[in-house]
Amino acid sequence: MTQIADIRFDAIDTEALADITGLLAVLIGEGGKMNAAARRVNTLTRKALTRAIESEAFAKAKPGDVTRLSFPAGLAADAVLIVKTDPKPDQTSARRIGAQLAKAQGKHPLSILLGKAARAEDIALGLALRAYNFTDHKTDKGDGPGPVTFLVDDAEATAKLAAPGMAIAEGVFFTRDLTNAPANVLTTDDFAARLAAMQELGLEVEILEEDDLKKLGMGALLAVGQGSASPSKVVVMQWNGGGDEAPFALVGKGVVFDTGGISLKPGANMEDMTMDMGGAGVVAGVMRTLALRKAKANVVGLVGIVENMPSSTAYRPGDVLTSMKGDTIEVVNTDAEGRLVLADVLWYAQDRFKPTGMINLATLTGAMLVALGHENAGVFSNSDDLSAAFLKAAEAENEGAWRMPMAKAYDKMIDSHIADMKNSGGRLAGSITAAQFLKRFVKDDMPWCHLDIAGVASIKSETALAPKGATGWGVMALNRLIADRYEQ
Ligand code: BES
Ligand code: MN
Ligand code: ZN
1 MTQIADIRFD
11 AIDTEALADI
21 TGLLAVLIGE
31 GGKMNAAARR
41 VNTLTRKALT
51 RAIESEAFAK
61 AKPGDVTRLS
71 FPAGLAADAV
81 LIVKTDPKPD
91 QTSARRIGAQ
101 LAKAQGKHPL
111 SILLGKAARA
121 EDIALGLALR
131 AYNFTDHKTD
141 KGDGPGPVTF
151 LVDDAEATAK
161 LAAPGMAIAE
171 GVFFTRDLTN
181 APANVLTTDD
191 FAARLAAMQE
201 LGLEVEILEE
211 DDLKKLGMGA
221 LLAVGQGSAS
231 PSKVVVMQWN
241 GGGDEAPFAL
251 VGKGVVFDTG
261 GISLKPGANM
271 EDMTMDMGGA
281 GVVAGVMRTL
291 ALRKAKANVV
301 GLVGIVENMP
311 SSTAYRPGDV
321 LTSMKGDTIE
331 VVNTDAEGRL
341 VLADVLWYAQ
351 DRFKPTGMIN
361 LATLTGAMLV
371 ALGHENAGVF
381 SNSDDLSAAF
391 LKAAEAENEG
401 AWRMPMAKAY
411 DKMIDSHIAD
421 MKNSGGRLAG
431 SITAAQFLKR
441 FVKDDMPWCH
451 LDIAGVASIK
461 SETALAPKGA
471 TGWGVMALNR
481 LIADRYEQ
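In this note's numbering, the protein residues as written are 1 to 488.
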């Protein structure tokens, strides 16, 4: 797994600043006000900081921007990084400061002179998240991020504040690694093995194999995987950190590769479909974070892991499937496979765990990208209460999410002449009819949200807290939702 940067918290010693090697970062507010440590650096460098702060470049810089003073006389450090900050940075701006420092730092050791500046934990989280670099398949793996030392007034208290953030960063890295992994490496077997390895963290992990799924009657999920040489699976991850109350359930689409099946996708950009297990990746990342921070909640994560391939054993357009629920489904497009996988896992989650609520995540429809681009995931729900709580958590974590409509009129679009429903309603309102399909597998009194993350799971340009590629979108929001709703 990609390791998070080595981040420590030490007491600040103003007398020792001249001897620090590597990079030295100071945070300077709009007015150019310096804390005691920055003033000491300023004296040692014969007022280099004052000159930089009074420069036109600094005046033009935005909060979070870094000005670099290379090889400063008077210091052992190779450079001083001057970070412009808001007078009172909020959480988002503090994380951005951390992210900008990670980009400026590269492989060099970095010491950040914070003193008693607030939000050290957010700066640390932003730094950890942005320092991600996926090198599993590079022969030259480089050096990885250099060590980071936050020099603060109260090292112990700050380290304690920052610890949950480090659990989040590890969960996000786990999600990103899974989502970035190519399909010849992240096979269904490999995926399940990576999840099983989380037993070390105190999670209970079960792998249901094809025979088990057949016995359970998961005819929809099994149909999707039947054209692949890789066996289909459902993996159940339980974190029981709460009392004896029923768990909250997270369900993920884990299509390790989506060719479209017999309704084959066009060749252009088909390689992007290695990320079609992104929903399952987020579920896994959240479970990892909950275990690492020993969350006081009961949460069960269930993922359906399959590969959608065309072959002589593949399911075909026109096939009629029987789901675990018992409802029959006419396949009109084998590329609308994610909803077939989720239908059975959603039903199994409710049948076995009787959860208090349920959220599923899936890279479900290309139409989601058309509607909301890369900025927001679509939120579809039968519960104003649960969807509002999720949207609030997503906003607090600066992860874009937007509620989409659901209604009976859309539901009619997936009625079938020969079965109970068909698996696609066509082009119009494609994301909504997919959500309506899932809703048919959610019990009436079950609070439920479907998050269509097709546009946010993996992006071809960098974002505030991630390099290009998998983002880990949703791990922070779901972790917060669980903390706010179930750990109070
Ligand atoms: N995995 C795709 C959706 C997708 C597309 C995710 C682009 C990320 C980026 C999904 O299985 C799919 O193929 N959906 C079809 C549904 C259609 C056949 C009803 C789609 O969106 O075209
Ligand atoms: Mn598909
Ligand atoms: Zn898919």
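For every residue, glycine included, the Cβ atom is placed at its ideal position computed from N, Cα and C. Just so we're clear, the structure is a prediction, and the values are computed from it rather than from any experiment.
For ILE329, the enclosing beta strand (DSSP E) begins and ends at 328-330. Residue environment for ASN298: buried (at least 16 other C-beta atoms within 10 angstroms of its C-beta). According to the DSSP assignment, GLU204 belongs to the beta strand (DSSP E) that extends over 204-208. Among the bridge pairs identified by DSSP, ILE7 is matched with VAL148.
Per DSSP, the beta bridge partners of ASN360 are VAL251, HIS450. Between the stretch 314-321 and the stretch 280-291 there are fewer than three inter-stretch CB-CB distances shorter than 8 Å, so the stretches are not counted as touching. Of the candidates LYS354, HIS137, MET166, the residue whose Cα lies closest to the Cα of VAL300 is LYS354. Under the three-state reduction of DSSP, MET237 is assigned to strand. Given a length threshold of 3 residues, each whole run of the beta strand (DSSP E) inside the stretch 151-227 is given here in chain order: 204-208.
Listed as beta-bridge partners of GLY469 by DSSP are ILE459. Counting C-beta atoms within 10 angstroms of its own C-beta, THR334 has 16 or more neighbours from the protein chains shown and is therefore classed as buried. Rounded to whole angstroms, the gap between the alpha carbons of MET446 and MET166 is 33 Å.
Around the CB of ASP212, fewer than 16 other CB atoms lie within 10 Å, so the residue is classed as exposed. Contact fails between the stretch 232-244 and the stretch 167-184, because fewer than three Cβ pairs, one in each stretch, are under 8 Å apart.
Between ALA155 and ASP6, the CB-CB gap reaches or exceeds 7 Å.
Per the DSSP secondary-structure output, GLU397 pairs with nothing in a beta bridge. By the Cβ-count criterion, TRP402 is exposed, with fewer than 16 other Cβ atoms from all chains shown falling within 10 Å of its own Cβ. Around the ligand ZN, the residues whose beta-carbon falls short of 5 Å from at least one of its heavy atoms are VAL255, ASP258, ASP276, GLY338, given in chain order.
Between ILE414 and PHE437, the gap from beta carbon to beta carbon is short of 7 Å. Between LEU361 and GLY279 the beta-carbon gap is near 4 Å, inside 8 Å, which marks them as a contact.
Cβ contact annotation for ALA163 (same chain, cutoff 8 Å, sequence separation greater than five): ARG293, in chain order.
In this structure, SER458 has its CB at a distance of at least 6 Å from all heavy atoms of the ligand BES. For ILE262, no alpha helix (DSSP H) segment is defined, and its DSSP state is neither H nor E. A direct Cα-Cα distance of roughly 12 Å separates VAL83 from SER93. Inter-residue distance for MET406 and LYS103 is about 42 Å (C-alpha atoms, whole angstroms).
Rounded to whole angstroms, the separation of the alpha carbons of ILE112 and LEU24 is 6 Å. The beta-carbon separation of VAL26 and VAL80, rounded to 6 Å, stays under the 8 Å limit for a contact.
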